[in-house]
Structures are given as C-alpha cells and as structure tokens.
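Participant:
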Amino acid sequence: MTGLDFVLANTRAVAVPLVPEITLRQTDDDPFALWERAGVEVPFWAFAWAGGQALARYVLDHPDVVAGRRVLDLASGSGLVAVAAALAGASAVTATDVDPLAVLAIGVNAEANGVTVTALLADVLDSAGCEADVVLAGDVCYDVDMVRLVLPFLERAAARGALVLVGDPGREYFPRTGFERLAGYQVPATGRLESRDVTPTSVWRRCG
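Residue numbers for the sequence shown follow numbering that gives the first Met the number 0, so the first one is 0 and each next one is one higher.
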C-alpha cells in the first residue's frame, strides 16, 4: 500500500464543523489506533484540530489578512489552514510538515477544495518563515518540546515584518505573552480528539 493509499483508506471526506466551506479527509478512528497503523509520526493530518479550525474560520472571515499575499502554513497537518488561505485569495500558499503522509493529505485536500497549495516535506523552524508575508500556525503548542522550537520561529518571522497568526485551544504551553488575542470561537469536537463537545479556541497575533 502506498502512502496515498493509506491516507485514503483511513479517512473519508467530511465537511469541517466550524468551517463547512472546506471538506477534509478525516478519520473516525481512535487517534492512537491510527497512530499505530501509520508508524512513526502522530497522524496530525487525519483530524481537524480545534486550533486549525479557529484559524481557518478567522482567515475566511477576514480575507484581507491573506489576500494577495504569500502565506506559509506551519506544521500544516491536513492542510486545513492552507486551504482556507488559498480560498481567501492568497497569492501563493506553502504548507510545510515533517510527516510524508501529511504532505500527501495536504495535496489531496487542496485538490478536493479546488485550490492550489504547495505542500513541502520540510522542517523550517530554524528559519524566519522564508519569504512569506503571512505565517499561520494552527494548534502548534501541544507539548513543551514543540513550543521551544516554534516560539523562536514565530518571533523571528514577526521581527522581519511578517504577520503571524496562531490558533490555540488553550494548550498548557502556549505563552500568550507577546501575543494579541484577535478572536474567540467555540469549536465543535471532531472524531475522538477532545473529551468535551465544544472547545473554546482563540486566534492570536504575534506582536513584532
């Protein structure tokens, strides 16, 4: 079975609860069961995470933040936020992830929604966001090791003048200091990711 076959066999096309304009390949399976089948990487690509949903909703409701601009979607997973940016009129959208299956899922989801997204298998955290005018990051503060890498990256991107937006559902390691809260959403649960039916989630802007 190829990687693309695996993605397709373990997901189905479903509208995203908070962003019904977008259809994603998502799984109904237990995250840990799918993780075992996927192998090394956690299958972030198979779920519409709360932080990504909130950020995608914000981008679609405020298309001026990306319209005509070059966008980088960091740790893209399913490509949800990248697809939203493309639908909102970004001039170019690059979605990066370190999981080869995520890169395949991004391609499938972009095609299903009729948009163009460049999906890259790449770790860009030692950079400053390349040449992107806007850096988007949905639900990237899920553990302390990730935060130690992500926050300096976001700081560097903001310092060089990029607009940096983060969607976060109140993760323990998200610092808030140095961020301005732009919006809040009540995100319906998807699959078996959360223990509650609705997850309060915010969109934040990194202050330069």
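Beta carbons: idealized from backbone N, C-alpha and C, even for Gly.
Predicted, not measured: the structure shown is a model, and the values here were computed from it.
Between which two residues does the alpha helix (DSSP H) carrying residue 53 extend?
Facilitator: Its alpha helix (DSSP H) spans residues 49-60.
Participant: With DSSP as the reference, identify every bridge partner of residue 180, one or two as the case may be.
Facilitator: According to DSSP, which records beta bridges pairwise, residue 180 is partnered with 203.
Participant: How would you write the range of the alpha helix (DSSP H) that residue 101 sits in, first residue to last?
Facilitator: That run of the alpha helix (DSSP H) goes 99-111.
Participant: By how many angstroms is the C-alpha of residue 166 removed from the C-alpha of residue 204?
Facilitator: Using only the alpha carbons, I get a separation of about 9 Å.
Participant: Taking residue 161 as the reference, give the member of 132, 137, 150, 143 with the closest Cα.
Facilitator: Considering only alpha carbons, the answer is 132.
Participant: In three-state terms, what does DSSP make of residue 187?
Facilitator: The answer is strand: DSSP assigns residue 187 an E or B state.
Participant: Drop a sphere of 10 angstroms on the beta-carbon of residue 185, count the other beta-carbons inside from all chains shown, and report buried for 16 or more, exposed for fewer.
Facilitator: Residue 185 comes out exposed.
Participant: Do you know whose CA, among 44, 16, 83, lies nearest residue 105's CA?
Facilitator: The option with the nearest alpha carbon to residue 105 is 44.
Participant: I need the boundaries of the alpha helix (DSSP H) containing residue 135, first residue and last residue.
Facilitator: It is not in any alpha helix (DSSP H) - residue 135 instead sits in the beta strand (DSSP E) that spans 133-137.
Participant: Can you give me the Cβ contacts of residue 124 inside the same chain, cut-off strictly under 6 Å, excluding the 5 residues immediately before and after it?
Facilitator: Excluding residues within five positions, the ones whose Cβ falls inside 6 Å are 148, 152.
Participant: Please report how far the alpha carbon of residue 83 lies from the alpha carbon of residue 169, in whole angstroms.
Facilitator: About 22 Å.
Participant: Cβ of residue 67 within 8 Å of Cβ of residue 50?
Facilitator: No, Cβ-Cβ distance for residue 67 and residue 50 is not below 8 Å.
Participant: Given residue 126, which residues of its chain have a CB within under 8 Å of its CB, disregarding the five upstream and five downstream residues?
Facilitator: Excluding residues within five positions, the ones whose Cβ falls inside 8 Å are 152, 155.
Participant: Where does residue 23 sit, in a helix, a strand or coil, going by DSSP?
Facilitator: It is a strand residue.
Participant: Exposed or buried, residue 176, counting other C-beta atoms within 10 Å across all chains shown (16 or more means buried)?
Facilitator: With fewer than 16 Cβ atoms within 10 Å of its Cβ, residue 176 is classed as exposed.
Participant: Would you kindly check if the distance between the Cβ of residue 54 and the Cβ of residue 183 is under 8 Å?
Facilitator: Not a contact, by the Cβ cut-off of 8 Å.
Participant: Determine the direct distance from the alpha carbon of residue 70 to that of residue 159, and round the result to whole angstroms.
Facilitator: For residue 159 and residue 70, the distance between alpha carbons rounds to 15 Å.
Participant: Among 207, 92, 164, 97, which one has its Cα closest to the Cα of residue 41?
Facilitator: Of the candidates 207, 92, 164, 97, the one whose C-alpha sits nearest the C-alpha of residue 41 is 97.
Participant: Would you mind giving the Cβ-Cβ distance between residue 116 and residue 157, rounded to the nearest angstrom? I have them listed as a contact below 8 Å.
Facilitator: The pair is not a contact, with the Cβ atoms about 23 Å apart (cut-off 8 Å).
Participant: Restricting to Cα atoms, I'd like to know which of 3, 27, 11 is closest to residue 188.
Facilitator: The candidate whose alpha carbon is nearest that of residue 188 is 27.
Participant: If I follow the unbroken alpha helix (DSSP H) through residue 2, where does it start and stop?
Facilitator: Element bounds for residue 2: 2-8.
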